[in-house]
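In full-length UniProt numbering, the protein residues as written are 1 to 205.
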C-alpha cells in the first residue's frame, strides 16, 4: 500500500524530538524512526543551534520525508523556553526550505485532539494513543520523541482529511525558479503522493 512519509519535530533547544512515520491511505501508520537531538545548556547558543540543525537535517536526508510537521510556538510564562522553541523552529524551517519540502505547523491542542480526540490530553494519554496507532509494545519515550511522533501522525491524518495536502497552517516553502519564469502550478509533492495513495487504495477495493 502506498504511503506518505512525515517527519515530525517537537522543537526544543535542550531536547528536540524527531519522529518519522509512514501514514497510509487507510489511516494506519508505521513507525520509521524516533530520535532526540540534545544540546548542553553550557554550550554557546550558536553552536547549539548548529548542532540541532545538523541533527534534524541528517534525519531528513536519511529518511526523505514528503512533509515536515512542526509544533507551532504558543505563549508560555517561561520566556527562555519559548525563545528556544522559536529558535529551533526557525532552524527546522530553514532545513525544510533548503530541500523544497512541504511544512505543516500544528498547535499542541490540535495534535492532542487529532491523536486522542481530546485537546487537553496529558502526555501519557498522547503516548498511549501513539503506541496504539503505531502498534508498539511499549510507550514511546522520551516525551519529546513521543510528541514528535504525534505531530507526524496528526499531519498525515489531516492530509488525508483534506484530500489535497496538509491541513492546519501550511507554510509556503520558497522554490528556486529561473528568472522571469512563472510560479510553479499544480499539487505539491506531498499532495501528489497522498492522492496517488488514495487512488491505489480505491483500486484494491
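Glycine included, each C-beta is placed from N, C-alpha and C at the ideal position.
Exposed unless 16 or more other CB atoms sit within 10 angstroms - verdict on residue i
i, result
"residue 183", "At residue 183 the pLDDT is 40, less than 50, meaning the model places this residue with poor confidence and gives no usable figure here."
"residue 80", "exposed"
"residue 41", "exposed"
"residue 94", "exposed"
"residue 65", "buried"
"residue 45", "exposed"
"residue 86", "exposed"
"residue 190", "Its pLDDT being 49, under 50, residue 190 is placed unreliably by the model, and the measurement read from it follows with that caveat. It is buried - the Cβ of residue 190 has at least 16 other Cβ atoms within 10 Å."
"residue 169", "Note that residue 169 scores a pLDDT of 40, beneath 50, so its modelled location is shaky and nothing firm can be said."
"residue 140", "buried"
"residue 43", "exposed"
"residue 21", "buried"
"residue 110", "buried"
Option nearest residue i by Cα separation, candidates the options
i, options, result
"residue 38", "18, 139, 32, 108", "18"
"residue 30", "136, 151, 82, 145", "136"
"residue 133", "143, 157, 122", "157"
"residue 108", "88, 60, 72", "72"
"residue 49", "14, 129, 131", "14"
"residue 67", "78, 52, 28, 97", "97"
"residue 47", "3, 106, 88, 144", "88"
"residue 27", "130, 34, 138", "130"
"residue 106", "58, 5, 74", "74"
"residue 144", "24, 34, 3", "34"
Host beta strand (DSSP E) of residue i (start-end)
i, result
"residue 71", "67–71"
"residue 7", "3–10"
"residue 25", "It is not in any beta strand (DSSP E) - residue 25 carries neither H nor E in the DSSP assignment."
"residue 102", "102–106"
Test item: CB-CB of residue i and residue j under 8 Å
i, j, result
"residue 148", "residue 10", "yes"
"residue 154", "residue 91", "no"
"residue 63", "residue 151", "no"
"residue 118", "residue 112", "yes"
"residue 12", "residue 100", "no"
"residue 142", "residue 36", "yes"
"residue 60", "residue 16", "no"
N-terminal and C-terminal residue of the alpha helix (DSSP H) that residue i is part of
i, result
"residue 54", "45–63"
"residue 134", "123–134"
"residue 93", "79–98"
"residue 39", "That residue, residue 39, is in no alpha helix (DSSP H); it is neither H nor E in DSSP."
heavy atom of the ligand ATP below 7 Å from residue i C-beta
i, result
"residue 135", "Inclusion of the ligand ATP in the displayed structure is not the case, the ligand content being empty and no account of it being possible."
Supposed contact pair residue j and residue i - C-beta distance, whole angstroms, cut 8 Å
i, j, result
"residue 70", "residue 103", "7 Å"
"residue 146", "residue 127", "4 Å"
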